[in-house]
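K.L.:
In the working numbering, the protein residues as written are 3 to 148.
Just so it is clear, CB atoms sit at the ideal spot from N, CA and C, and this is done for glycine as well.
Supplied in structure tokens, the structure appears directly below.
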């Protein structure tokens with residue numbers, strides 16, 4: 003039976019290739035995380051000290067998941083190879099994981115001379131407008147004199 007609040011259960015099995023098993027259960031929602039926040043943070047801090055390849059996550063017993071819980075879990079399981087997730091929560095966790103990734107390279111290289119080029123182009127457009135205004139004013143004076 004699922005607990006009403008979010009909880010972590012950490013089990014250590016020393017003779018296994020993956021010695022730590024972490025089970026998340028309960029309601030991983032904003033309200034569910036509030037009640038046991040300190041306990042969960044201690045558990046996650048303990049898990050961060052372990053190599054990720056030595057941890058297996060079981061997220062199938064999560065009763066409810068919202069964006070706050072998905073963010074906590076996505077950060078916790080980042081880099082872990084063995085993660086079991088129920089089908090109804092898989093897409094939400096995948097979306098949050100994609101949002102946590104930082105692009106390795108920028109889409110376009112940064113042009114360091116962009117400001118200089120933009121200022122020069124703006125000055126050239128202003129010069130063209132000034133020339134056209136002078137021509138127009140001259141034409142008006144010639145038409146008025148005639």
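1. Could you name the residues that DSSP lists as bridge partners for residue 84?
2. Would you check if the distance between the CB atom of residue 29 and the CB atom of residue 65 is smaller than 8 Å?
3. Three-state secondary structure (DSSP) at residue 138?
4. I need the straight-line Cα distance from residue 120 to residue 112, nearest angstrom please.
5. Buried or exposed: where does residue 7 fall if 16 or more other Cβ atoms within 10 Å of its Cβ makes it buried?
6. Using the three-state DSSP reduction, which class does residue 115 fall into: helix, strand or coil?
7. Can you find the residues in the same chain that come closer than 6 Å, C-beta to C-beta, to residue 60, ignoring five residues on each side of it along the sequence?
8. Quick one: Cα of residue 143 to Cα of residue 117, how far?
9. According to the neighbour-count rule (16 or more other Cβ atoms, all chains shown, within 10 Å of its Cβ), is residue 72 buried or exposed?
10. From residue 1 to residue 70, what distance separates their C-alpha atoms?
11. Under three-state DSSP, which class holds residue 18?
12. Kindly indicate the opening and closing residues of the alpha helix (DSSP H) around residue 89.
P.N.:
Based on what the coordinates show:
1. Numbered from its first residue, the chain shown carries residue 84 at position 82. DSSP, once it has assigned bridges, lists 58 as partnering residue 84.
2. Taking the first residue of the chain shown as position 1, residue 29 is located at position 27. Taking the first residue of the chain shown as position 1, residue 65 is located at position 63. Their beta carbons are under 8 Å apart, which means residue 29 touches residue 65 by this criterion.
3. Counting from 1 along the chain shown, the entry for residue 138 is found at position 136. Here residue 138 sits in helix by DSSP.
4. Here the question's residue 120 lines up with position 118 in the chain shown. Here the question's residue 112 lines up with position 110 in the chain shown. When rounded, the distance between both Cα atoms is 14 Å.
5. Taking the chain shown and counting its residues from 1, one reaches residue 7 at position 5. When all chains shown are included, residue 7 counts as buried.
6. Taking the chain shown and counting its residues from 1, one reaches residue 115 at position 113. Correct three-state label for residue 115: coil.
7. For the purposes of this step, residue 60 is taken as the residue at position 58 of the chain shown. Annotation for residue 60: 25, 86 place their beta carbon closer than 6 Å to its own, counting only its chain and skipping 5 residues before and after.
8. Numbered from its first residue, the chain shown carries residue 143 at position 141. Numbered from its first residue, the chain shown carries residue 117 at position 115. Straight-line Cα distance between these residues: approximately 39 Å.
9. One-based indexing of the chain shown puts residue 72 at position 70. Burial call: buried.
10. Look at the range of the chain in this structure, 3 to 148, and you will see that residue 1 is not part of it.
11. Residue mapping note: residue 18 aligns to position 16 of the chain shown, counting from 1. Correct three-state label for residue 18: coil.
12. As a working note, residue 89 is residue 87 in the chain shown. Unbroken alpha helix (DSSP H) run through residue 89: 89-102.
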